[in-house]
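Each residue of the sequence shown is one higher than the last, beginning at 1 in the UniProt record's numbering.
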Amino acid sequence: MCRFLLYVGVDPLTVAEVVTQPRHSLCRQTLWSAQLVTGFAVHLDGCGLGWYSLHEDDQLPCVFTSMSPAHNNANLHRLAKATRSRMFMTHVRSATTGSLSEANCHPFAAGKLLFMHNGSVGAFSAGVKRKLLASLRDDIYGGILGSTDSEHIFALFLNTFPQGTDFDHLDLVPADLLAALYETVAQLNAWEAEAAADRGVDFVSYLNIAISDGTTSVATRYVSRNGVMSDSDPSVSLYFATGSRIASVPAPDAKPGDALTDCTMVTENKTPSLVVIASEPLWDSDDWLAVPQNTAMVVTSQIDGPSRSGSTRIFSESHNWIDATPPTSPLSAAAGSFAFPPALLGSPVGLGVSGAAVVDPLDPLAGFTLPQHTTCMVLAELADKAAVAAGLSNGDIRIFDTSSYQLAVTLTGHVRAVTSLLFLQDSDLLLSGSADTYIRVWQASPPHACLGLFNSRSGSVISLAVAPDAGLLYVGMHDGFIRSLVLDDLLAALSEESPIPVSMDAVAAADNPIPLIRQPLRLHPPPAPSPYAAAASESATCSASVCTPCERPVHATANSMHRGSVLCMAYDAGAARLYSGTATGSISVWTSPALQHREALLEGHASSVLAMVLEPGRRLFSGASDTTIRVWDLTFPGPPFCLRVLSRHSSAVVAFAKCADNLVSIGSGGDVCVWSLGSLACLRLVHVPHEPLYGLMLGSTLWIGAANARCAVYDLVRHTGAVSLVESPAASSCAPLLDQLGASEVVTTEALIAMLGEFVAHASVSGSPARASACLAAARHMSDALLALGADVRIVPNPTSPRRNPIVLGRIGADPSKPTLAFYGHYDVQPASPDNGWESDPWTLTPRDGYLYGRGASDDKGPIVAFLAAVGELVAHAKCGSLPINVVFVVEGEEESGSAGLREAIEANSELLGGVDYVLLSNTYWVGDQAPCLTLGMRGVIHVALTVTGPPRDLHSGVDGGAVREPLVDLVHVLDGLFEDGNTRVAVPGFYVDVTETALDLNVHDFDLDRYLDEIGVAPGDRDANTESVLQRRWLLPSLSVHDVQGSFTGSGASSVIPRRATAKVSMRIVPDQSIDTMIARLQAHVDAVFGELNSTNSVAVKVVQAGKWWSADAESPLYGLAAEAVEEVWGAPPLFVREGGSIPVVPYLEETLGAPALHIPMGQASDNGHLANERLRVTNLVNGKRMFRRVMEGLPSLGKVKTTAS
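This is the structure we're talking about:
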């Protein structure tokens, strides 16, 4: 087996620091590897290094490979000393298949991608290789230069991307890499299973793979037997370590001048700045955790999106490989990894903010200088003791007197950063969790002795929470588990022997630091310690008279695992709920005490959840590194929902502190916000000259733990004035926001245009593999916009195919007493090319003569943007954080291609879309260019394929012409028989039966008949129709159209081929009250009759491709009455009630499924050129569209909750 290493970090690292210098570096593993499943312990068959440049304009990786072994490869050692990178991978080879050649040395590159593999494909030479090569496209097949299974795995991975993919300019989200990897492994498993069945032999595959595009890296630890994932076969080893930086220390046995070093991982923040993944630990330390078997680990900075503070964070998560089947969509594997939401307001104020705030610099009331190069990681108030405990990155705990602001005592014992502190007042105990894997229990009162310690043996302890009613201590771990301790057991287990003395010196470290006790608690189930940990345990000493380790179990249920580290927790005793925030941006809601059931998963944050605070039974506040605060409502039955998003911070929200009726939030950039808990208004925005990692309020004083060896205290009342912390009537009514913006309309015209421009820039053409990434980007854009509004958002993978575009669902509010409006739209568009009649770039929104030109401007991105802006204004104006209605969003990406997967997605997410009272959409146009309209109905559609099949193969007209009955000729006769002789009236019997008599509103003076006839090419001499007859035929009567006829030849020039089969694409537009099934039966019967008259030896078939029902609304309904009032109020004229000849089958489906009437408000003009070149939308229509939508939403409460089902 080979060995490899992957480094990803915010800051560049010199390659030698991990590749050549550590005691057990990858170069030294060429001569000895301790953890091998199969193969030899030496790796002398070649080496390689791949890295990404630090220059932003150079995104393609550099690769060095050599046949010589790494330990004595002078070029590799020179490169390692001279190369610095934020992402690099190194590999040393022990050949299992393939020759010794440089072409077989890892890593391999293709465009932006780097790839390496450790392991083997079990049945590679037993049939897998042949099938793999046969499956590859020509461009991928020709790129294989080596002969090993690894190169072929990489080729198969590349083959999962669409034909024509430009690997030099890939634009992927993390889940894209993960989905491609899943698909690759699934295919290998299928071939391996076939080989095992054919040969009756067991095959085992080891697939430790690392893949990166320079932004995101994925590493897997996977083993299968006979094509089935195996938990019983030992897998190839893989470890990871995370932290803030790697520090080099001399090796204990190093001689003077010896370059041999040991390393240690330094933790200075809850969120890591670097991740190292390696086949074996590079140094002897508990820094290293084993990647669980059959797991994929994702490491990326993309989860945070563009950081407004200018900092970058590394996000990592693990995915349990339940099976090796590919996910249903590239987006399903890493929900939440989206870019930061675009600003939706034409002002710096975020959508979730109420109230005005003043930025004010603060000077400290008191300050404490900490030991050099340390940071204050966490603070805890020791209630009733007038003291604050501060956990430091060097492992110390310092206790300060809050009355004198003096350092009282330093508690030493932890050898790594103290990441969490918890004061148990009833027991007078202080608990500390650390990156050294230990939980220590201290006396909270003098002499502050250490009474006991617990070792998790599973990585850093990140967070602590207590459930007093359940008598449990919850421990949030770096490995993603929550472990639990019974408090009674903990107290009983504390040593009754002589306590450990601590230093009372307020400045110096303890004279007798506590030795690291390496006798862990027995975990359930007990993990196998690494040989390095075992060796360390054997060499450590423990004196029972000093401290007896508590040998009590720390339970971790399988259900309590998260995909990322558990960074913060909050416990609600009244509801017996535990909330856990993770590095993935999600919050899990657990039913206490056993954590056997995850009640809900709250998603919405775009990055790590760093802090949470509870208003028990009412609200949960969560702060994240995406700079936002989300307010979750806990008062209604069922899962909590996001009530508001507060977005005044310009940096990661790292801590909360309560202060009377206010909430203080602390940002890592020094920005401190004071919020009213009543109205959620931002009362004050102040700035501290530090980089806070934690904050704590004691009365009116704010304690800040910072990253620059400082701990400081600020008096908020003295600096900001007591009145600033008291909510005013103006703040309650959100008036300051309106005063600041200077108008009742929050979203300006300029902001609307900018929003639409960003949306149009995504060339989201559905049905085009070349535009797949643009469609995913449009879906993420839509999701980000909803997140900025405070919505609960789901990007639902398309249930019909992973190559189809996802559906974006969202919801704001779940108040059962308020009406709920569902808005439908689509983010996909028709194809467009600058060479096809466009006067400007279709993907760049271009203002011209009062219009906005660009594909999707009118259909349907303009209406979506207008509705989002209307909701945004309601959010900004909402009192006490509440909208007048609940809003549900259904935005699909396949409307232009038949809405594949929409119904299945809606049915699978019915709980998110429940309780809908009304449906709103805007997906058609006015009848003209002057008068606003409301759409009352649309025809249904039935798409069918008529196929005539003849001889078993194509024939030649020169050889067989005249001797056979030709299918295409028969098809022409059938098509001719669909219409009456000499006119366009359909000849299908019963075609015009069941048509409901519908009065045509002749007040359609805005319909220009002559212009319409000019546009469709009717010569003036043939114009015998009037307006009423044309509109009746377009809106109220059924029709039949022939769209295409296909044979065997489509090229230019002459052809001699007689096709064996001919197909015509035909559609029927149906109207109320015609039945889809009845109309299909009538067409089938008529086609059979016409074809039967031919006495042909060929056969005919009618195949229904797609069908959608007609839709009709009531102009006299209260809903349309409200819409008519909104139109007249905005446009100054009553609307025209019109119908539409086109079809949107999803409208009647939504009415029937959601049990709610639909309202269709067209926003664009008849001349908008939807689906044509130079599509456009008038600026006035965009602005007034927003106003109409807002007016309708404001009026819905007057209609109440009306549940009806369309007939």
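Where a beta carbon is used, it is the ideal one built from N, C-alpha and C, also for glycine.
Spanning the alpha carbons of A751 and A870 requires a straight line of approximately 12 Å. Burial is judged here by how many other beta carbons sit within 10 angstroms of a residue's own beta carbon; A296 has at least 16 and is buried. In the assembly as shown, D213 is a buried residue. Its beta-carbon has 16 or more other beta-carbons within 10 Å.
Within its own chain, the residues whose Cβ lies closer than 8 Å to the Cβ of E599, once the five positions on either side in sequence are excluded, are R577, V589, W590, T591, P639, listed in chain order.
For F423, the enclosing beta strand (DSSP E) starts and ends at 418 to 424. Contact between the segment 948 to 961 and the segment 1151 to 1171 is absent, with fewer than three C-beta pairs closer than 8 Å. Only residues of its own chain outside the window of five on either side were considered, and among them K129, L132, I144 have a CB closer than 7 Å to the CB of H152, listed in chain order. Inter-segment contact for the segment 802 to 809 and the segment 927 to 944 is absent: fewer than three beta-carbon pairs are separated by less than 8 Å.
With respect to the 8 Å criterion, L786 and H973 are not classified as neighbours on the basis of their beta carbons. In chain order, V713, D715 place their CB closer than 6 Å to the CB of T701, counting only its own chain and leaving out the 5 sequence neighbours on each side. Under a 10 Å Cβ-count criterion, G164 is classified as exposed, with fewer than 16 other Cβ atoms of the shown protein chains found around its own Cβ.
Annotation: P1134 to V993 spans about 34 Å, alpha carbon to alpha carbon.
Closest in C-alpha terms to V746, from the list L13, C47, K1186, A80, comes K1186.
The criterion of a C-beta distance shorter than 8 Å is not satisfied by L821 and M1163. At the C-beta level, L934 and F1137 come within 8 Å of one another. Pairing V173 with V299, the inter-Cα distance amounts to about 12 Å. In this structure, DSSP gives N886 an extended state, which the three-state scheme calls strand. Distance check between C450 and each of S456, V461, P967, S432 places S432 closest, using alpha-carbon atoms only.
Taking every protein chain shown into account, the CB of K385 has 16 or more other CB atoms within 10 angstroms, so this residue is buried. According to DSSP, D1044 shares a beta bridge with K1065. In the assembly as shown, A1166 is a buried residue. Its beta-carbon has 16 or more other beta-carbons within 10 Å. The segment 437 to 444 and the segment 275 to 285 do not touch, with fewer than three beta-carbon pairs separated by less than 8 Å.
Per DSSP, the unbroken alpha helix (DSSP H) holding M1188 starts and ends at 1179 to 1199. Straight-line spacing of the CA atoms in A908 and R811 works out to 15 Å.
Per the C-alpha coordinates, the member of A110, R221, K81 positioned closest to C62 is A110.
In the DSSP assignment, P1148 falls outside any beta strand (DSSP E) and within the unbroken alpha helix (DSSP H) covering 1146 to 1154.
Under DSSP, N208 forms a beta bridge with N118. Burial of S766 is indicated by the presence of at least 16 other C-beta atoms within 10 angstroms of its C-beta. For R78, the enclosing alpha helix (DSSP H) has its first and last residue at 74 to 82. In this structure, the straight-line span from the alpha carbon of S147 to that of A175 is close to 29 Å.
If only uninterrupted beta strand (DSSP E) runs of at least 3 residues are considered, those enclosed by the UniProt repeat "WD" (602 to 634) are 609 to 615, 619 to 624, 629 to 633. In the structure shown, P863 falls within a helical segment according to DSSP collapsed to helix, strand and coil. Under the DSSP definition of a beta bridge, T242 partners with V275. Check the Cα spacing between Q425 and each of D626, V466, A408, V418: the tightest is with V466. Counting along the chain, the unbroken alpha helix (DSSP H) around L776 starts and ends at 772 to 788. The three-state secondary structure of T184, taken from DSSP, is helix.
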